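Take a look at the structure below.
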Amino acid sequence: PCYLPRRDGQSNEDWKQALGYKRVSADGQPLRLESKDKYYNRVAGYVTLFAALLHADAHMDFDLGCACSDRGPHQTCARCGATAVSRGPIAISKPDGGARTGTAAAWRWLARVLNQQPRRITPVLLGPFLETLAAPLHTAYGRQFAKIIVFIEQVFVPRIHSAGNLQDEERGALSRLETIIGKIKAEVASAAGPGTHEALLMPLFKEEDTTADAGGGDGDW
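Residue numbering for the sequence shown follows the numbering used here, beginning at -9 and increasing consecutively.
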């Protein structure tokens, strides 16, 4: 990852926008930068998606059975009732030969994170990445992965603690990282090894969400 430095003379607001903070408004108030908590949650979601995509090597192809414009990613079309039929998996094209995808790319990303001086946001990045890819990384690298987990627990996490100036959001992310590391360490020591994370077991179809509240709202956001 690239930790964007704050330039000389750059305001805190400009720096946060460069980092990817979004401008939001609520209750008709003027636009303002989102909270650090929301930003960290969004970044953690991006990392989980990134990790899942690194692991993916194929996607399912379907004959949807209709061409309704509002069909959506659902197994059965709500308009005409047509049911999608699987035509089997299709390998994901990797014109770079897999240099930027796959388990090897995930291992390189992890190594680069650990070879850099940790920042306050590092636990936000490292926790979901390890949680998502523990199983395939352990399968591919075995004892080396186990050593990496011990290194994170005994060396890297104390570095983050010693960095100081951690606020509530960073302390929460660091606590979660320590929990994830402890869980992975126990699973690696067991005969079964780490289990596959739910992010790697995404459903073939996503049923439509409802935005109506429990009180019978009209579904507005």
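We put the beta carbon where it would ideally sit given N, CA and C, even for glycine. Model, not experiment: these values are computed from the prediction.
Once the 5 residues before and after residue i are set aside, which same chain residues still bring their CB inside 8 Å of it?
i      : result
LEU21  : ARG13, VAL14 and SER15
GLN157 : LYS26 and ARG110
LEU23  : GLU3, LYS6, GLN7, TYR11, LYS12, ARG13 and VAL14
GLY117 : ALA34, ALA163, ARG166, LEU167 and ILE170
So the candidates are the options; which of them puts its Cα closest to the Cα of residue i?
i      : options                          : result
TYR11  : ILE142, LYS28 and THR112         : LYS28
ALA163 : ALA96, THR122, VAL114 and PHE146 : VAL114
ASN105 : GLY183, LEU54 and VAL145         : VAL145
LEU54  : LEU39, THR38, VAL75 and GLY71    : VAL75
LEU39  : LEU120, ARG149 and LYS137        : LEU120
Quick check: what's the CA-CA separation for residue i versus residue j?
i       : j       : result
CYS56   : ALA130  : 41 Å
ILE142  : SER152  : 14 Å
ALA46   : GLY154  : 37 Å
ALA42   : LEU123  : 8 Å
PRO184  : CYS(-8) : 29 Å
PRO(-5) : VAL103  : 16 Å
GLN65   : ALA72   : 8 Å
ARG69   : PRO108  : 52 Å
TRP99   : PRO148  : 21 Å
THR112  : TYR36   : 14 Å
ARG161  : ARG32   : 17 Å
Kindly list the residues whose CB is nearer than 7 Å to the CB of residue i, restricted to its own chain and excluding five residues on each side of it in sequence; keep chain order.
i      : result
ILE139 : ILE171, ILE174, LYS175 and VAL178
GLU159 : LYS26, ASP27 and TYR30
LEU9   : LEU(-6)
Under three-state DSSP, which class holds residue i?
i      : result
LEU23  : strand
ARG69  : coil
ARG13  : strand
ASP203 : Residue placement at ASP203 is flagged as unreliable, the pLDDT there being 46, under the threshold of 50; a coordinate-derived value is accordingly withheld.
Please work out which residues of its chain come closer than 6 Å, Cβ to Cβ, to residue i, disregarding the five sequence neighbours upstream and downstream, and give them in chain order.
i      : result
THR93  : PRO126 and ALA130
SER180 : none
ALA96  : LEU44 and LEU123
GLN0   : none
Could I get the ranges of all uninterrupted alpha helix (DSSP H) runs contained in the region 86 to 119, with 4 residues as the minimum, in chain order? DSSP runs (the alpha helix (DSSP H)) wholly in the region 86 to 119: 93 to 104.
Which full runs of the alpha helix (DSSP H) of 4+ residues lie inside the region 121 to 199, going along the chain? 133 to 141, 147 to 153 and 158 to 179
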